[in-house]
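Residue numbers (the working numbering): 1013 to 1343.
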């Protein structure tokens, strides 16, 4: 029988069991008076280690400025201490926590006080699968699944004897006394087929701790239309030995790089690089301008210098074909 997926670990937070209790506390906070109430105080454990606690709440009645105060008690009978009195926004991430412990929280603003919640952190040897995905190279019919990548975290590792990796209920890897907390499953996989993974920690005394299961379904990427750019004109300035290459507008939300090769014919002087689109300027028509500096070139007087160049674009992780060669008089 197929196992029911308890949680998708790619989601940034795990839901936790949270106990709400009523409270009445004296608060001498001098923040500006505000109407409303602090509602819906909730907490979730980090999927990275099962220890860090992320608090969120609602308070639509406060102004856009001002600060909350966050209070925490450790254990069932610990006294509340102020963690911060300058919390902006309706959230707080408490990273000063420990595994296998209990914490209580409440929030204040001006004369308002939230409910108190109780949160229990995870087991110190329980693994947390915080990354699990298929590495796919290529597009359409050329796409290939390279591997399934997994990365996990454990609250404490001193007494960990070994890790076991399972795929669809089958043990596929085990490693003893290893500090590595990542794994690549390179066995052949199929597109559009679901695979279920989990990590098991076995301690020195034989105790087993299982992660939540995480599913991966590799998909074949669609082919991307990468229009080959065109060099529409070349301008130069002999005084400062600069060249500007104008490219046709290839506007695309995935465009990030322009690759180019250019050479001054007969001078053994060339440029070859990839430049970020965000660093380039455009003309009034939206054509990108590639700026080159030939300051290091020795230009013979009385001789015509020609520039030979070609360009290509990088869109959504892949390169277009090269443009046709352009040959222009520059100096």
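In this text, a Cβ means the ideal position worked out from N, Cα and C, and glycines have one as well.
Anticipated Cβ contact below 8 Å, residue i with residue j, distance rounded
i	j	result
residue 1126	residue 1050	4 Å
residue 1289	residue 1268	6 Å
residue 980	residue 1118	With the chain covering only 1013 through 1343, there is no way to say anything about residue 980.
residue 1343	residue 1311	5 Å
residue 1062	residue 1111	7 Å
residue 1271	residue 1324	5 Å
residue 1175	residue 1187	5 Å
residue 1137	residue 1172	7 Å
8 Å CB neighbourhood of residue i in its chain, flanking five on each side removed
i	result
residue 1220	1212, 1213 and 1214
residue 1330	1151, 1236 and 1238
residue 1309	1253, 1276, 1279 and 1281
residue 1198	1158 and 1159
residue 1246	1255, 1256, 1257, 1258, 1319, 1321, 1338, 1340 and 1342
residue 1294	1300 and 1301
residue 1180	1207 and 1208
residue 1191	1169
residue 1060	1140, 1142 and 1165
residue 1205	1229 and 1230
residue 1135	1062, 1111, 1112, 1167 and 1221
residue 1184	1177, 1178, 1197 and 1199
residue 1234	1151 and 1152
Beta-carbon contacts of residue i that lie in its chain and below 6 Å, excluding the five residues immediately before and after
i	result
residue 1275	1282 and 1320
residue 1106	1065
residue 1333	1240
residue 1277	1318 and 1320
residue 1147	1158, 1159 and 1161
residue 1203	1230 and 1232
residue 1338	1243 and 1321
residue 1113	1133
residue 1139	1164, 1166, 1211, 1213 and 1223
residue 1273	1284 and 1322
residue 1178	1210
residue 1143	1163
residue 1007	No answer is possible for residue 1007: the residues shown for the chain start at 1013 and end at 1343.
residue 1189	none
Residue i - DSSP class collapsed to helix/strand/coil
i	result
residue 1342	coil
residue 1152	helix
residue 1291	helix
residue 1084	strand
residue 1315	coil
residue 1231	coil
residue 1111	coil
residue 1286	strand
residue 1363	In the structure displayed, the chain extends from 1013 to 1343; residue 1363 sits before or after that span and is not available.
residue 1117	strand
residue 1060	coil
residue 1331	strand
residue 1370	What the structure shows of the chain is the stretch from 1013 to 1343, and residue 1370 is not part of that stretch, so it cannot be assessed.
residue 1321	strand
residue 1305	strand
residue 1337	coil
residue 1021	Only weak support is given to the placement of residue 1021: the predicted model assigns it a pLDDT of 31, under 50, and the value that follows is read from those uncertain coordinates. Note: residue 1021 maps to coil in three-state DSSP.
Those residues which DSSP pairs with residue i across a bridge
i	result
residue 1194	1163
residue 1068	1054 and 1103
residue 1139	1166
residue 1146	1160
7 Å Cβ shell around residue i - same chain, five flanking residues per side excluded
i	result
residue 1068	1054, 1102 and 1103
residue 1316	1341
residue 1088	1114
residue 1327	1236, 1238, 1264, 1266 and 1267
residue 1109	1063, 1064, 1065, 1115 and 1133
Min CB distance residue i to chain B below 8 Å
i	result
residue 1082	Considering every chain present, this structure includes no chain B. It has just one protein chain.
| request: Enumerate, from N- to C-terminal direction, the unbroken beta strand (DSSP E) stretches of 3 or more residues contained entirely within the stretch 1236-1282. | output: 1243-1249, 1254-1259 and 1267-1276
| In the stretch 1171-1227, which residue ranges form an unbroken beta strand (DSSP E) of at least 3 residues, counting only runs that do not cross its ends? | 1172-1179, 1182-1188, 1194-1197, 1207-1215 and 1220-1222
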